[in-house]
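Numbering (the numbering used here), first residue to last: 2 to 300. By construction, the Cβ of each residue, glycine as well, lies at the ideal position given by its N, Cα and C atoms. Bear in mind the structure is a predicted one, so any value in this text is a computation, not a measurement. Comments concern the structure below.
What follows is the structure, given as structure tokens:
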């Protein structure tokens, strides 16, 4: 049976195995809140979070669906053009992170499946019938994270989805930490929504490198990417070869400020504004399901 507990005055679900514990809030966009292995925090969550606007809390793992990041029309963020040319609003990172998910019971007490389906509200943003599941499964120091999208309509359905993992990195230690993302190209979004790309200069980048934040790491050369403290190896290794039928297209790196005690390493299935430029844009066939899976390995 799934376990419930109270955290910051909210009813949340707890997955635990051994010294490893995860808290998740389905009602807040299926948000993974935090992850501890023993007394070591892995996923960052602020001590004082604004639960009236959980989508805007800097922490946990906001889920990005049906589109990731910024999408724009004529340089104005928050809009996209559907197949008929109709201009539609779309929140930053999509609407999933602002939506309450239903919990789908599973026999595994360390597996939590959460689901949203199309409603009249979502159809205003995204005129498709869908089921979207977020699944977490804890196996000690390994956390499986699965995104599944099903097209319940009669037309091909566009999407590009992703994670926004906030990993614990004390800002005073940033010079000792680095991300490793072996890839062919680096990218950045231009003001008009297009993606400017250049050859990747290295596999490893220190977190103190100002060029790292808001950068896209494209065309992976390895199935493993990581954010680690260089001398000790502490941190997280992400296995991108999780067994889903959708490949991860890129990984975004981001932090908010120089004194933020987190750094984000985010696998996405497509680049921002892909609905218009096509880089990573996918279409689910009617009646079909696609899934993207990764494993987080805490060290």
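Cβ-based burial, residue i [other Cβ within 10 Å; buried from 16]
i, result
"residue 20", "exposed"
"residue 114", "buried"
"residue 253", "buried"
"residue 250", "buried"
"residue 197", "exposed"
"residue 274", "buried"
"residue 111", "buried"
"residue 88", "exposed"
"residue 201", "buried"
"residue 219", "buried"
"residue 77", "exposed"
"residue 199", "exposed"
"residue 86", "exposed"
"residue 279", "exposed"
Residue i vs residue j beta-carbon contact at 8 Å
i, j, result
"residue 214", "residue 270", "no"
"residue 179", "residue 155", "no"
"residue 224", "residue 242", "yes"
"residue 34", "residue 61", "yes"
"residue 227", "residue 153", "no"
"residue 188", "residue 268", "no"
"residue 175", "residue 208", "yes"
"residue 291", "residue 135", "no"
"residue 300", "residue 231", "no"
"residue 320", "residue 18", "Lying before the first or after the last residue shown, residue 320 is absent from the chain, which here runs from 2 to 300."
"residue 101", "residue 28", "yes"
"residue 222", "residue 248", "no"
Cβ shell of residue i (< 7 Å), same chain only, five flanking positions each side left out
i, result
"residue 63", "30, 32, 56, 94, 98, 165"
"residue 123", "96"
"residue 39", "20"
"residue 47", "58, 59, 60"
"residue 74", "80, 81, 82, 88"
Continuous beta strand (DSSP E) stretch holding residue i: start and end
i, result
"residue 149", "143-152"
"residue 126", "Note, residue 126: premise wrong, no beta strand (DSSP E); alpha helix (DSSP H) at 121-126."
"residue 260", "From DSSP, residue 260 is part of no beta strand (DSSP E); its letter is neither H nor E."
"residue 187", "184-190"
"residue 100", "Here residue 100 belongs to no beta strand (DSSP E), and DSSP marks it neither H nor E."
Close Cβ partners of residue i (< 6 Å) along its chain, the five nearest in sequence each way excluded
i, result
"residue 296", "143, 145, 240, 243"
"residue 118", "132"
"residue 22", "37"
Range covered by the alpha helix (DSSP H) that runs through residue i
i, result
"residue 173", "Counting along the chain, residue 173 falls outside any alpha helix (DSSP H), and DSSP gives it neither H nor E."
"residue 275", "275-278"
Same chain, Cβ closer than 8 Å to residue i, five either side skipped, listed in chain order
i, result
"residue 90", "79, 80, 125, 126"
"residue 276", "68, 72, 81, 82, 159, 161, 282"
"residue 262", "45, 169, 170, 171, 172"
"residue 5", "12, 13, 14, 15"
"residue 157", "284, 285, 286, 287"
TODO: At 4 residues or longer, and completely inside the stretch 205-238: list those alpha helix (DSSP H) runs for me, N to C.
DONE: none
Task: In chain order, each beta strand (DSSP E) run of at least 3 residues that lies wholly inside the stretch 5-82 - done: 11-18, 21-26, 32-38, 41-44, 80-82
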